[in-house]
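Input: a single structure, listed below in structure tokens.
Residue numbers (my numbering): 1 to 131.
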């Protein structure tokens, strides 16, 4: 079985929001409630999330949304809890799912190019008829 190596070390809050399906404001709020979720900041002051930060956010989400714990109970459960290798592997699987393959981009680019060329031909034909 191949191991996944992420191409990125850090993710923005918007990217993490998409990966975790959690709104950005909730991630920011959870930073206050859960000391385990503490993304670093880049020189501009933007949050930069690591794989571990994403795993923590997913663990909190699981406790609150899937298992139905209150924030207070989830805080108590998270205190002193370490993120397991399985949590990190689950995070890497999610990250892999959010990284479209390069071939797909190339194929989409070719399709766009073909559509644009077709549109160009139609426009040129219409312009020729107007003259």
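Every residue, glycine too, gets a C-beta built ideally from N, C-alpha and C.
Can you grab the Cα-Cα spacing for the pair residue i / residue j, in whole Å?
i, j, result
"residue 120", "residue 22", "41 Å"
"residue 14", "residue 24", "6 Å"
"residue 61", "residue 115", "42 Å"
"residue 109", "residue 117", "12 Å"
"residue 70", "residue 28", "18 Å"
Verify whether the separation of the beta carbon atoms of residue i and residue j is less than 9 Å.
i, j, result
"residue 48", "residue 59", "no"
"residue 36", "residue 56", "yes"
Enumerate in chain order the residues of its own chain whose CB-to-CB distance from residue i is below 8 Å, with the five nearest sequence positions on each side excluded.
i, result
"residue 46", "12, 13"
"residue 124", "none"
Taking the alpha helix (DSSP H) that residue i belongs to, which residues open and close that run?
i, result
"residue 12", "Note, residue 12: premise wrong, no alpha helix (DSSP H); not H, not E."
"residue 72", "71-78"
"residue 56", "51-61"
Which same chain residues end up closer than 7 Å to residue i when comparing Cβ atoms and leaving out the 5 residues on each side of it in sequence?
i, result
"residue 31", "37, 38"
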